[in-house]
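Reading through the structure tokens given below for one structure.
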Amino acid sequence: MEIPQELITALEVPALELTSLQGVNGVGLGLREENEEFFDELAVRVYVDDATAAPELPTQIAGLPVCVVEFPIEPLFTPDTSRHDPLVGGAQIEQAPMASGTLGAVVLRNEDSTLAGLTCHHVSGDTGARVFQPTAPPMPIGSTPDLTDSLGRVIAFDSPVTQTIPTPAGGTLWLGRQVDASIIALDEAAQQGRTFSNEIADGFGAVSQTLAPAVKMFVRKRGSQTGPTGGQIIGMAPAVWWKSGSPPDGHLYAMANQYEIFFNPAECPDGIFARGGDSGSVVLQSGSHDAVGLLWAGVSQGGRRALMCDITMVEQRLNVTLAWAFS
16 MEIPQELITA
26 LEVPALELTS
36 LQGVNGVGLG
46 LREENEEFFD
56 ELAVRVYVDD
66 ATAAPELPTQ
76 IAGLPVCVVE
86 FPIEPLFTPD
96 TSRHDPLVGG
106 AQIEQAPMAS
116 GTLGAVVLRN
126 EDSTLAGLTC
136 HHVSGDTGAR
146 VFQPTAPPMP
156 IGSTPDLTDS
166 LGRVIAFDSP
176 VTQTIPTPAG
186 GTLWLGRQVD
196 ASIIALDEAA
206 QQGRTFSNEI
216 ADGFGAVSQT
226 LAPAVKMFVR
236 KRGSQTGPTG
246 GQIIGMAPAV
256 WWKSGSPPDG
266 HLYAMANQYE
276 IFFNPAECPD
286 GIFARGGDSG
296 SVVLQSGSHD
306 AVGLLWAGVS
316 QGGRRALMCD
326 ITMVEQRLNV
336 TLAWAFS
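Residue numbers 16 to 342, in the working numbering, belong to the letters of the sequence shown in order.
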């Protein structure tokens, strides 16, 4: 489904204003939905924590019908214990004990042709934070942590935290970005004798290329918590809350131009596409090795919906390449 850029642009400010309402998580564009049944008709999708307690909303925005979607959007991170050596995409990582996510892939840094680990900023923490695989050891104040499972430190990140000029909307100042992503040095892992692969676990293989996602595209991912699951992109969101970190007083964090995924029952045996701990998973187009997104949000206890950012924007913002091979 082609969504005109002028419609996305026209919806950006109204989306931020609606997202300022209590209980509203974000506003998107995509397939019209009624009771989890989808129609081949463009609609404005308003995401709410609780559909039974949603605020009063317009029936149309920008000439399109409005559908209310219950989707309590949360960054997905939680603990796991699997260890991968060689290191591959889909592995569990931790920046601190009990704050886990997924290593999306081992990527190539364009500036110096070194390898790095790709995940979400809300998983890895800020530049200089040390990341472990599979779990972070206890780190009492004043002690030296055990570096056996350390990958290295965060090199760079891009997320709403990096925006410095806010966008006014509905009496709120928004700080936003199109990606929630970071890269991690792998030097400490190499020092421990660990090796690295450009593949993603569970037979997903290596990424062959990156493509911009599109509404109605079928996708799959391998997360550290739910393993391989599949779904379909059913909408894109000009603005959704990014409920991570602590924005300055009077400000809120937002993500722009995100893509919403709804599960495919045939590829999700337990009815769950993603849960806490899957943030950072690389999302591929079904039936291919083409990467289209980086998963960062969903329902923490497990749900049928998730959000991802455009993987081509991740590559651009962090100056990395997912499809690489050393000769």
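Glycine included, every Cβ here is placed at the ideal spot set by N, Cα and C.
Checklist entry - How would you write the range of the alpha helix (DSSP H) that D202 sits in, first residue to last? => result Segment 202-206, the alpha helix (DSSP H) holding D202.
Next on the checklist: If the criterion is Cβ atoms closer than 7 Å, does the pair G295 and T134 meet it?
Outcome noted: Between G295 and T134, the C-beta spacing is below 7 Å.
Checklist entry - Should the region 305-319 be regarded as contacting the region 215-232, the criterion being three or more beta carbon pairs within less than 8 Å? => result Of all C-beta pairs linking the region 305-319 to the region 215-232, three or more are shorter than 8 Å, placing the two stretches in contact.
Checklist entry - If you compare alpha carbons, which of M323, K258, T117, S259 is closest to H99? => result The shortest CA-to-CA distance from H99 to any of M323, K258, T117, S259 is the one to T117.
Next on the checklist: Given the structure, does F288 come close to the ligand ZN, in the sense that its CB is under 6 Å from one of the ligand's heavy atoms?
Outcome noted: This structure lacks the ligand ZN; in fact it carries no ligand of any kind.
Next on the checklist: On a Cα-Cα basis, can you pick out the residue from G260, A227, F54 that is closest to G191?
Outcome noted: Distance check between G191 and each of G260, A227, F54 places G260 closest, using alpha-carbon atoms only.
Item to check | the region 280-295 contacting the region 84-91, beta-carbon criterion three pairs below 8 Å | outcome: By the criterion of at least three beta-carbon pairs nearer than 8 Å, the region 280-295 is in contact with the region 84-91.
Checklist entry - Which residues mark the beginning and the end of the beta strand (DSSP E) in which H266 is found? => result Here the beta strand (DSSP E) through H266 covers 266-270.
Item to check | With 16 other Cβ atoms within 10 Å as the buried cut-off, status of T244 | outcome: The residue in question, T244, is buried, as its Cβ has 16 or more Cβ neighbours within 10 Å.
Checklist entry - How big is the Cα-Cα spacing for S212 and P228? => result The alpha-carbon of S212 is positioned some 25 Å away from that of P228.
Next on the checklist: I need the boundaries of the alpha helix (DSSP H) containing I23, first residue and last residue.
Outcome noted: Boundaries of the alpha helix (DSSP H) around I23: 20-34.
Checklist entry - When we look at the beta-carbon of T129 and count the other beta-carbons within 10 Å, is it buried (16 or more) or exposed? => result An exposed status is given to T129, since fewer than 16 other beta-carbon atoms sit within 10 Å of its beta-carbon.
Item to check | Contacts around L226, its chain only, beta-carbon distance under 6 Å, and the 5 residues preceding and following it disregarded | outcome: Once the five neighbours on either side are set aside, the close Cβ partners of L226 are D305, V307.
Next on the checklist: Quick check: what's the CA-CA separation for E275 versus S158?
Outcome noted: A direct Cα-to-Cα measurement between E275 and S158 gives close to 43 Å.
Checklist entry - On the three-pair Cβ rule with 8 Å, is the region 138-147 touching the region 102-115? => result Flag = yes, the region 138-147 and the region 102-115 touch.
Next on the checklist: Taking the alpha helix (DSSP H) that R332 belongs to, which residues open and close that run?
Outcome noted: Residues 326-333.
Checklist entry - At which residues does the beta strand (DSSP E) containing S259 begin and terminate? => result That residue, S259, is in no beta strand (DSSP E); it is neither H nor E in DSSP.
Checklist entry - Within this structure, are the beta carbons of L72 and V81 separated by less than 7 Å? => result In contact: L72 and V81 (Cβ atoms closer than 7 Å).
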